[in-house]
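Chain order of the listed sequences is F and P.
The first sequence begins at 17 in the numbering used here and counts up one residue at a time.
The second sequence begins at 5 in the numbering used here and counts up one residue at a time.
Here a beta-carbon is modelled for each residue, glycine too, at the ideal position from N, C-alpha and C.
Note that the structure is a prediction, hence the values are computed from the model and not measured.
Okay, so here's the structure we're looking at.
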Amino acid sequence: MKNLLPLTWAVAANSFGESVRHRFFTLFSVFAFTAIYASVLAGVMAVDEEARVLADLGLALMELTALAYVLFQASSSLLKEAETKTIYLVFSRPVPRWIYLAGKMGGVMLTAAFMLAVMSCMHVALLYFRGFSLPAAYGWALAGSFCKLAVITAFAFFVSLFSTSSVSTLVISGILWTLGHFVSETRFMAEHAYGAKAVLLKAVIWLIPNLQLFNARDAAGAAAAIAPSAFLSGAAWILAAYLASLWLLARKEF
Amino acid sequence: MTSRAVTFSKVEKTYKRPRLLGAAYHTAVQDLSFDIPTGEITGLLGLNGAGKTTIMKLITGLLFPTAGSLRVFGLPPSGQPAKAKVGFLPELPYFPPQVKPGAALAYYGRLSGLSGKDLSLAVEAALERTGLEPHADKRVAEFSKGMLQRLGLAQALLHRPDLLVLDEPVSGLDPLAIHDIRKLLAGLNAEGRTIFLSSHSISEVEKLCGRVLIMVRGRLAKTVARAEWEAAPGGLESIFVEAVK
């Protein structure tokens with residue numbers, strides 16, 4: 017039992033190392049820098065609202081850049097290990113599959129945290145360069161972005177275990193990400209619908225994680241902490257996706 | 005009585021391939037019963053598709069048998085205790101090209117439960133044993149096929165397993181590399197390790213093994229002991245050709 021934590025950490029550190037060594041990581045870094053720098057231009061055009069536009073656009077671009085890379089990693093990670101047969105070297109060793117899965121997911125989540133940390137340093141530097149102070153709830157916004165990325169990472173791992181290609185995993189996870197930002201609207205429609213349509217919409221609300229809960233900067237006054245219930249809901253989603261992935265992985269042969 | 009490293013008892017493995025409507029089934033091995041005695045080098049011969057790799061994967065717990073029973077040192081092969089006693093070299097092992105051999109081995113050593121000083125000693129010993137020590141500063145991308153095979157063997161040796169399962173260990177190697185690997189395997193066997201290897205090279209199997217299993221279309225066609233092929237006029241080759249015809 018005492019070996020389980022080092023084992024999980026070994027898989028996670030290896031997964032993180034592979035993520036940041038990937039050639040696409042450099043491309044994404046260049047893109048992120050360009051995109052965040054471009055938000056300065058948008059801010060200048062906003063005249064009186066420059067600080068807000070610069071902060072919000074930068075945060076949104078950071079989240080989307082990290083999302084794209086994290087989804088790419090989560091959707092291809094297990095598939096690549098199976099294709100290159102490195103998974104043989106892992107599963108022929110005394111590595112429980114639940115540890116391996118936790119390590120792999122943890123590695124991609126570490127990548128997400130690392131990307132957000134590096135990009136936020138660039139973003140904050142730009143804000144100070146333009147003479148603005150750190151916006152309210154900036155830390156909460158970053159925490160919210162990370163929670164969203166963690167939820168979608170866990171879901172992408174689950175999809176990658178039954179999907180035939182990493183592209184289909186990317187598409188399905190992308191759709192879930194989009195739907196996750198429209199849960200309030202879906203709830204409104206469900207409340208006004210009848211019969212089978214209402215049942216379907218209510219089921220959708222249960223099946224799709226409400227990613228709006230993590231949008232700290234959307235809250236009234238544009239500066240609010242994320243409620244503890246949101247973190248609990250995120251943790252529940254990650255756990256559900258992890259357990260569903262484990263159910264599939266435990267039955268998988270290589 | 006000789007103890008057994010591996011026991012197959014009426015093992016069958018059928019692959020299921022999902023199709024648009026239903027599924028297609030392919031039986032890779034069937035009614036397979038044999039033992040691998042401890043301390044011996046046992047070879048596995050067969051044409052392509054005879055079920056050699058399936059057997060290797062069943063022993064290492066990468067595949068689960070459809071029917072029958074399979075034990076590794078008396079334990080179920082998919083469990084952690086059995087896996088801790090087995091070292092596996094798959095055919096054409098892959099390592100990330102940008103890492104150095106020591107880093108690759110350290111990762112697999114950690115997965116085998118090694119840490120701290122034990123890990124660094126195990127990595128050093130595996131590099132030395134497989135002759136990779138002079139290449140320790142190179143990246144895997146610079147490795148030749150022979151060096152990659154040695155690295156594959158090194159990762160299988162890290163945790164000092166009692167049983168080595170080697171899928172085509174000399175496939176595509178030059179004569180000198182084959183000679184070195186043969187010497188290494190003979191040395192490991194002399195230490196008391198059980199070795200189970202598959203190969204297309206009859207001459208290599210003939211030189212190394214004490215016993216050979218010949219697979220034909222998923223079934224065990226013949227088990228041949230060294231004394232038998234040494235007494236046969238055409239050696240192991242004639243016995244193999246006769247069995248697979």
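Checklist entry - So what does DSSP say about Tyr29 of chain P, is it helix, strand or coil? => result Numbered from its first residue, the second sequence carries residue 29 of chain P at position 25. Strand, per DSSP.
Checklist entry - Would DSSP call Thr58 of chain P helix, strand or coil? => result As a first step, residue 58 of chain P is located in the second sequence; it is residue number 54 there, counting from the start. Correct three-state label for Thr58 of chain P: helix.
Checklist entry - Using the C-alpha atoms, what's the distance from Lys149 of chain P back to Leu77 of chain F? => result For the purposes of this step, residue 77 of chain F is identified with residue 61 of the first sequence, where counting begins at 1. For the purposes of this step, residue 149 of chain P is identified with residue 145 of the second sequence, where counting begins at 1. Each residue's Cα considered, the two are about 44 Å apart.
Item to check | Under 7 Å from the C-beta of Val15 of chain P: neighbouring residues of chain F | outcome: By one-based count along the second sequence, residue 15 of chain P stands at place 11. Chain F residues near Val15 of chain P: none, gap ~14 Å exceeds 7 Å.
Checklist entry - Does the beta carbon of Arg203 of chain F sit closer than 8 Å to a beta carbon anywhere in chain P? => result For the purposes of this step, residue 203 of chain F is taken as the residue at position 187 of the first sequence. Chain P, which has no Cβ nearer than 8 Å to the Cβ of Arg203 of chain F, makes this no.
Checklist entry - For chain F, is any of its Cβ atoms less than 8 Å away from the one on Phe92 of chain P? => result Against the second sequence, residue 92 of chain P aligns to sequence position 88. Phe92 of chain P counts as touching chain F.
Checklist entry - Comparing the C-beta of Gly153 of chain P with each C-beta of chain F, is any distance below 8 Å? => result Here residue 153 of chain P refers to the residue found at position 149 when the second sequence is read from its first residue. The sequence shown places Gln at residue 153 of chain P, not Gly. Output row for Gln153 of chain P: interface = no.
Checklist entry - At a CB-CB cut-off below 7 Å, which residues of chain F make contact with Thr31 of chain P? => result Numbered from 1 along the second sequence, position 27 holds the residue referred to as residue 31 of chain P. Going along chain F, no residue has its Cβ under 7 Å from Thr31 of chain P, so there is no contact; the nearest lies around 15 Å.
Item to check | Ile218 of chain P (DSSP reduced to helix, strand or coil) | outcome: Position 214 of the second sequence holds residue 218 of chain P. Three-state DSSP puts Ile218 of chain P in a strand.
Item to check | Minimum Cβ-Cβ distance from Ala88 of chain P to chain F less than 8 Å | outcome: Within the second sequence, the letter at position 84 stands for residue 88 of chain P. Output row for Ala88 of chain P: interface = yes.
Checklist entry - For Leu74 of chain P, which residues from the same chain have a beta carbon less than 8 Å from its beta carbon, with the 5 sequence-adjacent residues on both sides left out? => result As a first step, residue 74 of chain P is located in the second sequence; it is residue number 70 there, counting from the start. If we look at Leu74 of chain P and ignore the five residues flanking it on each side, its Cβ neighbours are Val10, Thr11, Phe12, Ser13, Val15, Leu62, Ile63, Pro80, Pro81.
Next on the checklist: Against chain P, which members of the segment 85-116 of chain F pass a CB distance test of less than 7 Å?
Outcome noted: Answer set for the segment 85-116 of chain F: Thr100, Lys101, Thr102, Tyr104, Leu105, Val106, Phe107, Ser108, Arg109, Pro110, Val111, Pro112.
Checklist entry - Is the CB of Pro97 of chain P under 8 Å away from at least one CB in chain F? => result Within the second sequence, numbered from 1, the residue matching residue 97 of chain P stands at position 93. Answer yes: the Cβ-Cβ gap between Pro97 of chain P and chain F drops below 8 Å somewhere.
Checklist entry - What in chain F is Cβ-close to Pro100 of chain P, meaning under 7 Å? => result Counting from one through the second sequence, the residue named residue 100 of chain P turns up at place 96. Those within 7 Å of Pro100 of chain P in chain F are Glu34.
Next on the checklist: According to DSSP, simplified to helix, strand and coil, what is Thr70 of chain P?
Outcome noted: For the purposes of this step, residue 70 of chain P is taken as the residue at position 66 of the second sequence. In the structure shown, Thr70 of chain P falls within a coil segment according to DSSP collapsed to helix, strand and coil.
Item to check | Contact residues within the segment 23-50 of chain F, judged by C-beta distance below 9 Å to chain P | outcome: Leu23, Trp25, Ala26, Val27, Ala29, Asn30, Gly33, Glu34, Arg37
Checklist entry - Whose CA, out of P:Gln153, P:Ser207, P:Glu172, lies closest to the CA of Ala181 of chain P? => result Position 177 of the second sequence, counting from 1, holds the residue named residue 181 of chain P. With distances taken between Cα atoms, Ala181 of chain P lies closest to P:Gln153.
Next on the checklist: Considering only DSSP beta bridges, list what Gly47 of chain P is partnered with.
Outcome noted: As a position in the second sequence, residue 47 of chain P is number 43, starting the count at 1. Gly47 of chain P is bridged to P:Leu201, P:Val216.
Next on the checklist: I'd like the list of long-range same chain contacts for Pro20 of chain P, defined as Cβ closer than 7 Å, with 5 residues on each side in sequence excluded.
Outcome noted: As a position in the second sequence, residue 20 of chain P is number 16, starting the count at 1. It should be noted that the sequence gives Lys, not Pro, for residue 20 of chain P. Once the five neighbours on either side are set aside, the close Cβ partners of Lys20 of chain P are Ala27, Tyr29.
Item to check | chain F contacts from the segment 54-67 of chain P (Cβ-Cβ distance under 8 Å) | outcome: Lys61, Thr64, Gly65, Leu66, Leu67
Next on the checklist: Closest to Leu161 of chain P by C-alpha separation, out of P:Arg143, P:Ser205, P:Glu195, would be which residue?
Outcome noted: For the purposes of this step, residue 161 of chain P is taken as residue 157 along the second sequence, with counting starting at 1. If we check each option's Cα against that of Leu161 of chain P, P:Glu195 comes out closest.
Item to check | Cutoff 8 Å: Asn19 of chain F Cβ touching any chain P Cβ | outcome: Start at 1 with the first residue of the first sequence, and residue 19 of chain F comes out as number 3. So yes, Asn19 of chain F belongs to the interface.
Checklist entry - Can a CB atom of chain F be found closer than 8 Å to the CB of Arg114 of chain P? => result Working through the second sequence from its first residue, we reach residue 114 of chain P at position 110. Taking Cβ atoms only, chain F reaches closer than 8 Å to Arg114 of chain P, which makes this a yes.
Checklist entry - Given Phe244 of chain P, which residues of its chain have a CB within under 7 Å of its CB, disregarding the five upstream and five downstream residues? => result The residue labelled residue 244 of chain P in the question sits at position 240 within the second sequence. Same-chain partners within the cutoff: Leu49, Ile206, Ile218.
Item to check | Per-residue burial, Glu207 of chain F [other beta carbons within 10 Å of its own, 16 or more giving buried] | outcome: Walking along the first sequence from the start, residue 207 of chain F turns up at place 191. Only exposed fits Glu207 of chain F, as fewer than 16 other CB atoms lie within 10 angstroms of its CB.
Item to check | Burial state of Glu246 of chain P (16 or more Cβ within 10 Å) | outcome: Here residue 246 of chain P is taken as the residue at index 242 of the second sequence, counted from 1. With fewer than 16 other Cβ atoms within 10 Å, it is exposed.
Item to check | Spatially closest choice to Pro100 of chain P from F:Leu105, F:Leu83, F:Trp114, F:Leu192, by CA coordinates | outcome: Taking the second sequence and counting its residues from 1, the one referred to as residue 100 of chain P is at position 96. The option with the nearest alpha carbon to Pro100 of chain P is F:Leu105.
Checklist entry - What is the DSSP secondary structure of Leu168 of chain P, counted as helix, strand or coil? => result As a working mapping, residue 168 of chain P is identified with position 164 in the second sequence. Leu168 of chain P: strand per DSSP, three-state reduction.
Next on the checklist: I'd like to check one pair, Arg113 of chain F with Ala266 of chain F: are the Cβ atoms closer than 8 Å?
Outcome noted: Within the first sequence, residue 266 of chain F is the residue found at index 250, counting from 1. Within the first sequence, residue 113 of chain F is the residue found at index 97, counting from 1. Against a cut-off of 8 Å, the Cβ pair of Arg113 of chain F and Ala266 of chain F comes out as a contact.
Checklist entry - Are the C-beta atoms of Phe198 of chain F and some chain P residue less than 8 Å apart? => result By 1-based counting over the first sequence, the position of residue 198 of chain F is 182. No - not a single Cβ of chain P is within 8 Å of the one on Phe198 of chain F.
Item to check | Neighbouring residues, chain P, relative to Phe270 of chain F (Cβ below 8 Å) | outcome: The sequence position of residue 270 of chain F within the first sequence is 254, counting from 1. Chain P residues near Phe270 of chain F: Lys61, Leu66, Leu67.
Item to check | Check whether Leu227 of chain F and Val167 of chain F have beta carbons under 8 Å apart | outcome: Position 211 of the first sequence, counted from the first residue, corresponds to residue 227 of chain F. Position 151 of the first sequence, counted from the first residue, corresponds to residue 167 of chain F. With a cutoff of 8 Å on beta-carbon distance, Leu227 of chain F and Val167 of chain F are scored as near each other.
Next on the checklist: Please report the straight-line C-alpha distance between Leu188 of chain P and His38 of chain F, rounded to a whole angstrom.
Outcome noted: The residue you call residue 188 of chain P lines up with position 184 of the second sequence. The residue you call residue 38 of chain F lines up with position 22 of the first sequence. Whole-angstrom Cα-Cα distance: 35 Å.
Checklist entry - What are the start and end residues of the beta strand (DSSP E) that includes Glu16 of chain P? => result For the purposes of this step, residue 16 of chain P is taken as the residue at position 12 of the second sequence. Residues 8-22.
Item to check | Lys226 of chain P - partner residues in DSSP beta bridges | outcome: For the purposes of this step, residue 226 of chain P is taken as the residue at position 222 of the second sequence. In the DSSP secondary-structure assignment, Lys226 of chain P is bridged to P:Ile218.
Item to check | Contiguous beta strand (DSSP E) assignments of at least 3 residues, all confined to the segment 133-206 of chain F | outcome: none
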